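Residue numbers (this note's numbering): 2 to 66.
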């Protein structure tokens, strides 16, 4: 794709890259459960279907933003 094509895509609010696999609702649920539940992070993540590394990476992004 050339520069003009990228500019046209941006004008249509299109971005490249892979789509997000885990929505923010899952991550915020995991954070709430981690704060209130006696379960481990590993158990919470397994129940929600996300990896521990995804949990920690996305949690860091939530607190930074």
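All residues carry an ideal CB built from backbone N, CA and C; glycine is no exception. Please read these numbers as outputs of a predicted model, since none were measured by experiment.
For residue i, does the three-state DSSP call read helix, strand or coil?
i, result
"residue 24", "coil"
"residue 29", "helix"
"residue 40", "coil"
"residue 52", "coil"
"residue 6", "helix"
"residue 11", "helix"
"residue 16", "coil"
Whose C-alpha, out of the options, is nearest the C-alpha of residue i?
i, options, result
"residue 28", "46, 13, 41, 14", "46"
"residue 31", "3, 52, 6, 7", "52"
"residue 58", "14, 17, 25, 16", "25"
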